[in-house]
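Notes follow the structure.
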Amino acid sequence: MSGSALFETFARAPLAFERGEGSWLIAENGERYLDFAGGIAVNSLGHGHPHLVQALTEQAGKLWHVSNLYEIPGQSRLGERLAANSFADRAFFTNSGAEALECAIKTARRYQYKNGHPERYRIITFEGAFHGRTLATIAAGGQAKYLEGFGPKVEGFDQIAFDDIDAAEKLIGPETAAILLEPVQGEGGIRPFPTASLKRLRELCDKHGLLLIFDEVQCGVGRTGKLFAYEWSGVSPDLMAIAKGIGGGFPMGACLATDEVASAMTAGVHGTTFGGNPLAMAVGNAVLDVVLEDGFLEEVSRKALLMKQGLAAIVDEYPDVIAEIRGTGLMLGLKCTMPNTKVNMALRDQKLLAVPAGENVIRLLPPLTTSDADIQEALERIRAGAASLSKAAANGG
Numbered sequence: 035m036s037g038s039a040l041f042e043t044f045a046r047a048p049l050a051f052e053r054g055e056g057s058w059l060i061a062e063n064g065e066r067y068l069d070f071a072g073g074i075a076v077n078s079l080g081h082g083h084p085h086l087v088q089a090l091t092e093q094a095g096k097l098w099h100v101s102n103l104y105e106i107p108g109q110s111r112l113g114e115r116l117a118a119n120s121f122a123d124r125a126f127f128t129n130s131g132a133e134a135l136e137c138a139i140k141t142a143r144r145y146q147y148k149n150g151h152p153e154r155y156r157i158i159t160f161e162g163a164f165h166g167r168t169l170a171t172i173a174a175g176g177q178a179k180y181l182e183g184f185g186p187k188v189e190g191f192d193q194i195a196f197d198d199i200d201a202a203e204k205l206i207g208p209e210t211a212a213i214l215l216e217p218v219q220g221e222g223g224i225r226p227f228p229t230a231s232l233k234r235l236r237e238l239c240d241k242h243g244l245l246l247i248f249d250e251v252q253c254g255v256g257r258t259g260k261l262f263a264y265e266w267s268g269v270s271p272d273l274m275a276i277a278k279g280i281g282g283g284f285p286m287g288a289c290l291a292t293d294e295v296a297s298a299m300t301a302g303v304h305g306t307t308f309g310g311n312p313l314a315m316a317v318g319n320a321v322l323d324v325v326l327e328d329g330f331l332e333e334v335s336r337k338a339l340l341m342k343q344g345l346a347a348i349v350d351e352y353p354d355v356i357a358e359i360r361g362t363g364l365m366l367g368l369k370c371t372m373p374n375t376k377v378n379m380a381l382r383d384q385k386l387l388a389v390p391a392g393e394n395v396i397r398l399l400p401p402l403t404t405s406d407a408d409i410q411e412a413l414e415r416i417r418a419g420a421a422s423l424s425k426a427a428a429n430g431g
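Numbering-wise, the sequence shown is residues 35 to 431 according to the numbering used here.
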């Protein structure tokens with residue numbers, strides 16, 4: 035395919051895949067690639083998971099779309115299950131992470147408006163954040179490369195340096211409505227916020243009547259070894275956006291909120307045509323069937339440790355290629371010594387797929403169902419890629 039009829043917004047690798055099996059992707063030419071990119075943390079249960087395939091095909095034979103003019107039983111069920119397993123009481127279903135963030139931003143502003151503070155609409159965010167590609171979410175993320183050329187930046191976002199909680203406190207003013215962050219930055223280079231920082235932010239929000247919003251689009255749904263990353267800190271948000279892993283490859287997201295906060299969103303103030311459609315809800319419920327099984331999340335943590343130990347050995351061996359390992363659970367980052375684009379290409383040459391990120395990091399986001407054998411195979415390929423780069427560098431390449 036020439037790609038001539040497509041927007042040229044993606045710098046695509048010259049690869050096309052025909053099918054997938056678990057942690058593996060099979061290219062059109064029959065070559066097998068070990069997929070530790072996971073569709074950018076989306077394929078939480080790998081490719082072709084039988085329970086997801088069955089849920090989708092069964093639902094496809096019954097009903098695809100009815101709109102939110104009517105009751106959708108799958109929404110009620112998934113909402114109840116997410117609420118039962120998180121801080122939240124209510125959910126609003128979307129088609130993507132950006133839409134889930136838009137809902138969270140609107141809900142925070144609306145909550146302040148409903149509580150007699152229409153002047154409170156500004157949201158404090160952190161450098162390195164990635165919250166989506168809509169006009170509001172690129173303003174929230176604040177990265178110049180995503181803002182350039184799209185006219186005036188959407189008003190209402192104040193950005194500070196990563197993890198600078200003192201700056202956050204100084205920035206709180208009469209117009210501040212909320213503080214928004216990813217508990218573990220993904221695009222920003224696999225950077226977790228320290229527990230002490232999250233606790234301070236929670237205290238600041240409580241003290242000043244602000245809402246704490248977590249973006250767990252990438253780090254949620256089991257990726258870090260708990261259902262949600264915030265659980266490691268014991269700090270609960272008031273609002274949270276999720277997507278990616280909850281659909282296991284089917285496009286869906288959700289904005290989760292406490293009763294008090296969600297009550298600000300009354301009939302007619304927000305909506306979606308496709309969000310929460312029966313197909314998405316069938317898959318989302320199927321993902322939770324698997325992720326909430328006894329012992330599943332413990333297995334994610336065990337496999338993560340196995341992988342981290344293996345990666346640490348490679349860092350010791352090739353410090354000229356990889357400087358350090360970051361992350362938690364199966365959301366890991368290789369901080370590279372040489373350009374991450376070069377390292378990513380070397381991994382692809384070994385038929386291992388990964389994802390570049392900020393701070394010269396390569397993300398490893400395997401399926402949560404990946405096997406010990408897959409992990410060992412990935413480690414061998416990373417070692418081989420690092421060895422080839424190290425040798426080339428030693429030879430002046």
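Using N, Cα and C, we set each Cβ at its ideal position, and we do this for glycine too.
| Asked | Found |
| --- | --- |
| Mind checking who Asp240 pairs with in its DSSP beta bridge? | Bridge partners of Asp240: none, in fact. |
| Buried or exposed: which applies to Leu103, given that a residue is buried once 16 or more other Cβ atoms fall within 10 Å of its Cβ? | exposed |
| Determine whether the beta carbon atoms of Val251 and Val325 lie at a separation below 8 Å. | no |
| Spatial neighbours of Leu232 within its chain, please: C-beta separation below 8 Å, excluding the five flanking residues on both sides. | Pro217, Tyr264, Ser267, Val269 |
| Output yes or no for whether 8 Å exceeds the beta carbon distance between Leu135 and Gly318. | no |
| Could you tell me the alpha carbon to alpha carbon distance between Ala173 and Leu215, rounded to whole angstroms? | 13 Å |
| Return the bridge partner residues of Ala391 from the DSSP annotation. | Val395 |
| Quick one: using the 10 Å Cβ neighbour count with 16 as the cut-off for buried, is Ser57 buried or exposed? | buried |
| Identify which residue in Asp328, Asp323, Ala428 has its Cα closest to the Cα of Gln88. | Asp323 |
| Take Ala50 and list the residues in its own chain whose beta-carbon comes closer than 6 Å to its own, dropping the five residues that flank it on each side. | Glu62 |
| Could you pull the DSSP bridge partners for Pro226 from this structure? | Val218 |
| Should Pro339 go down as buried or exposed, given a rule of 16 or more other Cβ atoms within 10 Å for buried? | Looking at the sequence provided, one finds Leu at residue 339 rather than Pro. Flag for Leu339 reads exposed. |
| Identify whether Glu414 lies in helix, strand or coil by the three-state DSSP scheme. | helix |
| With three or more C-beta pairs closer than 8 Å as the rule, is the region 330-345 touching the region 404-414? | yes |
| Straight-line CA distance for Gly437 to Ala39? | Lying before the first or after the last residue shown, residue 437 is absent from the chain, which here runs from 35 to 431. |
| Take the Cβ of Leu398 as the centre, count every other Cβ of all protein chains shown within 10 Å, and call the residue buried at 16 or more, exposed below. | buried |
| When DSSP builds the beta bridges, which residues end up paired with Gly367? | Arg360, Arg397 |
| What number of angstroms, rounded off, separates the C-alpha of Phe184 from the C-alpha of Gln343? | 44 Å |
| Return the chain-ordered list of same chain residues with a C-beta closer than 7 Å to the C-beta of Met35, the five sequence neighbours on each side being excluded. | Caution applies to Met35, whose pLDDT of 47 falls short of 50 and renders its modelled position unreliable; the value that the coordinates give is listed next. There are no such residues. |
| May I ask you to report which of helix, strand or coil DSSP gives Glu189? | coil |
| Pull the bridge partners of Trp58 from the DSSP assignment, please. | Glu55, Leu68 |
| With DSSP run on the structure shown, which of helix, strand or coil describes Met35? | Because Met35 carries a pLDDT of 47, less than 50, the predicted location of this residue cannot be relied on, and the following value inherits that uncertainty. Met35 falls in the coil class under three-state DSSP. |
| Closer than 8 Å, CB to CB, is Phe248 near chain D or not? | Judged by its chain identifiers, the structure shown contains no chain D, having just a single protein chain. |
| Return the first residue and the last residue of the alpha helix (DSSP H) that Arg382 is part of. | 374-383 |
| Please report the straight-line C-alpha distance between Pro152 and Ile158, rounded to a whole angstrom. | 17 Å |
| Provide the residue span of the alpha helix (DSSP H) that contains Thr91, from first to last. | 84-94 |
| Can you look up Arg257 in the DSSP assignment and give me helix, strand or coil? | coil |
| Exposed or buried, His83, counting other C-beta atoms within 10 Å across all chains shown (16 or more means buried)? | buried |
| Quick check: what's the CA-CA separation for Glu411 versus Ser110? | 41 Å |
| Pick helix, strand or coil for Leu402, following the three-state DSSP scheme. | coil |
| When you compare each of Asp197, Ile60, Glu203 to Thr229 by their alpha carbons, which one comes out closest? | Asp197 |
| Can you tell me which of the three DSSP states Leu181 falls into? | helix |
| Of the choices Cys253, Lys260, Gly73, whose alpha-carbon is the least far from that of Ile276? | Cys253 |
| Going by DSSP, what residues sit across from Asp249 in a beta bridge? | Ala275 |
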